[in-house]
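Read through the structure below, which is laid out as structure tokens, and then see the notes.
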Amino acid sequence: MYKKNFNIYILMAVVYDSLAAIFSWLGAFLLRFNFDVPVDQAYLMYKTFLLLIPIQIITFYFFGLYRRSWRFSSIPDLRQILFSVITSSFVTIVLLVMFKLSVGISRAVLVLNPILLLLIMGGGRFIYRTLKEYYLYGSYKISGKPIIILGANEAAAALIKDLNQNKDWHVVGILDDDSRMHNREILGVRVFGDLKLLSFLKQRFSANHLIIVMPPDNHLKRRTILNSASNLGMNILTIPNIGDLISGKFNISEIQKIEIEDLLGRESVKLDNHGLNDLIENQAVMVTGAAGSIGSELCRQIIKFNPKILICFDLSESSLFRLEQDLHKLTKNSTIIYLVGNIRDIKRTEKILSLYSPKIVFHAAAYKHVPLMESGNVIEAINNNTLGTYLLAKTCQKLKIEKFVLVSTDKAVNPTNVMGATKKMAELVCQGLQKNQGTKFIIVRFGNVLGSSGSVIPKFREQIKLGGPITITHPEISRYFMSIPEASQLILQAGSMGQGGEVFILDMGDPVKIRDLAIDMIKLSGFDIKEIKIKYVGLRPGEKLFEELIAENEKSIETLHPKLKLIKPRTIDRIYLPGLINWIDSIQDCNDIQIKKGIMQWLKNYSPDLKKYFTG
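Under our numbering, the very last position in the sequence shown is 611; numbers go up by exactly one each time.
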């Protein structure tokens, strides 16, 4: 059935082009002689028909005109028709001369004919497309939901094309800050002005939807958009990937409500692919804590660089199983090994490292939930975050692993909680093990990531879903945020650049007040701040009002990558590390308050509130 229909469409196209050839030839004579063709010219015109039509149809066929659908006619089709017409006209003239049929034919006719043929063939195809689109979609335009586009750019043009073929939407106007675009049109849609006209457009067209097609920008600008739209009761939509929209890979179904991650959106990371290929491609790579938020994304990013073997190591068997299901569809030429184990199990880690000989180990395994580690689990935090790092790093050094990358945290700077203190001691462990030769120990320090299991965002979403209140510890509390993919990409980049002993600081942008974050999420959910209350519950044990990325005694320097800064390696007293490990061994039966007091001896800038959180 398909083949039959396909042949009918080709036959119809051939018939149309044959008629176009006849009428263009006839029209050329009529125009040349002002619609009063002499008898001898009329005779020449009819005499050459039998030669003209086959030449042109054969030429059109070889140029592929009959493989193209008229419904999707576009500029490339018009270009193909132009080349076909020029070629067929040239061949026609050559044959007319060869068969001595050109004698008496006016040169004006030979010039007018291809012009008319191009107009009839090209015009017919575009008229067909217009009528077809109107037949398929035109009747929906009035009933489609009116939508305003924010951003007058290539992405807007691509989106308008897609929405014009969809029954659900009707683009009524465009807004953009660029005054040069004001009062101009993109594919028939007017650019009215900037965001100040949003209220006017909403009332004029009864538009309740706004879609953003602007590239990621600073969160203050996006918050202005959110406030303007939410105050008008409008729904804000976005496109997950602007690049896919422009390249034609976008599907209308991908339009989605804007999320808080989009509001805090940051520019994509530009990686040194050459350096990462040298580090990862055809190499064995190991990730500890592979099933966690950062660890799992590290695995996804590493796969893109085609490692020979990727070793995913995690304590949680169920989480590792979920990771296996997720990575299965991403695997191409790499072998992925999923291994359950504890980083403190020296025999287990030494066996794995000896067997697979990874070039680099990304150490993301850690206990990270601040309140949970603050009371009742202090010794476990030290054993896992500090001692575990030491044992794994020491094993890597013993087996001459080329690089060891520690995933640290901004809470390690001037720590007030156990989690931050144990990660700071893990940093000191790596710096203490660093030598001129052997394993290169690299530290990467950054703040909160959006959407991780410990992030406030999932918690706020759940509280909003239940009708509130949203609980915040303090009105002035603020945090740094970045996306999990961005953090993971920069960890890889630091691993590529690091030469040993350095602390890399990720550019986290500006800190965000948690209160502002909560208000934004309330608005994005379609509520007013009067409907969802915010409740302040007081700072939790070990919690700080604001986080720092650099301590007072540290000085950062720029690197070749704009989103990575560097703190120069520091010299650790050679007796510090053995003493620290001996102390950890000696406190296994101590209570929380005794351990916290002990930490203060090893970290001079650790300042816990011992009275408030005394548990012993």
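Every residue, glycine too, gets a C-beta built ideally from N, C-alpha and C.
All values reported here derive from a predicted model rather than from experimental measurement.
Sixteen is the threshold: when 16 or more other Cβ atoms of the shown chains lie within 10 Å of the Cβ of residue 113, as they do, the residue is buried.
As DSSP reads the structure, residue 443 sits in a beta bridge with 476. The beta carbons of residue 174 and residue 111 sit no closer together than 8 Å. By the 16-neighbour rule on beta-carbons within 10 angstroms, residue 566 is exposed. DSSP assignment within the region 136 to 213 yields the following whole alpha helix (DSSP H) runs of 4 residues or more, N-terminal first: 149 to 158, 193 to 200. The region 332 to 351 makes contact with the region 376 to 384; the number of CB pairs closer than 8 Å reaches 3 or more. Beta-carbon to beta-carbon, residue 559 and residue 489 are separated by about 6 Å, close enough to satisfy the 8 Å threshold. Cβ neighbours of residue 595 within its own chain (closer than 7 Å, five residues either side excluded): 601. Between residue 234 and residue 224, the beta carbon gap of about 16 Å keeps them out of contact (Cβ cut-off 8 Å). Straight through space, the alpha carbons of residue 329 and residue 353 are spaced by roughly 14 Å. For residue 330, the pairing in a beta bridge is given by DSSP as 304. Within the same chain, and ignoring the five residues on either side of residue 438 in sequence, the residues whose Cβ sits closer than 6 Å to its Cβ are 401, 403, 422, 425, 498. For residue 293, same chain residues with a beta-carbon under 6 Å away, outside a window of 5 residues either side, are 282, 357, 483 in chain order. Note on geometry: alpha-carbon atoms of residue 599 and residue 538 lie some 18 Å from one another. Where residue 230 is concerned, the enclosing beta strand (DSSP E) starts and stops at 230 to 233. Judged by their CB atoms, residue 177 and residue 188 are nearer to each other than the 8 Å cut-off. For residue 86, the CB contacts under 6 Å within the same chain, skipping 5 residues up- and downstream, are 50 in chain order. The beta carbons of residue 315 and residue 298 sit no closer together than 8 Å. Taking the Cβ atoms as the reference, residue 528 lies roughly 19 Å from residue 453, outside the contact range of under 8 Å. For residue 283, the uninterrupted beta strand (DSSP E) run begins and ends at 279 to 283, by DSSP. Look at residue 106 here: in three-state DSSP terms it is helix. Taking the CA atoms as reference points, residue 271 sits about 40 Å from residue 603. Cβ contact annotation for residue 502 (same chain, cutoff 6 Å, sequence separation greater than five): 558, in chain order. At the C-beta level, residue 105 and residue 143 stay beyond 8 Å of one another. Following the DSSP letters along the chain, one finds residue 269 inside the alpha helix (DSSP H) bounded by residues 268 to 275.
By the Cβ-count criterion, residue 475 is buried, with 16 or more other Cβ atoms from all chains shown falling within 10 Å of its own Cβ.
Inter-segment contact for the region 360 to 370 and the region 454 to 462 is absent: fewer than three beta-carbon pairs are separated by less than 8 Å. By the C-beta density criterion, residue 432 is exposed, having fewer than 16 other C-beta atoms within 10 angstroms. Put simply, the backbone Cα of residue 541 is about 5 Å away from that of residue 473. Note: residue 461 is not bridge-paired with any residue in the DSSP secondary-structure output. Out of 62, 125, 580, the CA that lies nearest to the CA of residue 378 is found in 580. Residue 359 is a Cβ neighbour of residue 289, given a cutoff of 8 Å.
One Cα belongs to residue 469, the other to residue 533, and the distance between them is close to 6 Å. Excluding its 5 nearest sequence neighbours in each direction, residue 37 has C-beta neighbours in its own chain below 8 Å: 24, listed in chain order. Under the three-state reduction of DSSP output, residue 543 falls in the coil class, being neither helix nor strand.
Between residue 202 and residue 302 a beta carbon distance of about 49 Å is seen, past the 8 Å cut, so the two are scored as non-contacting.
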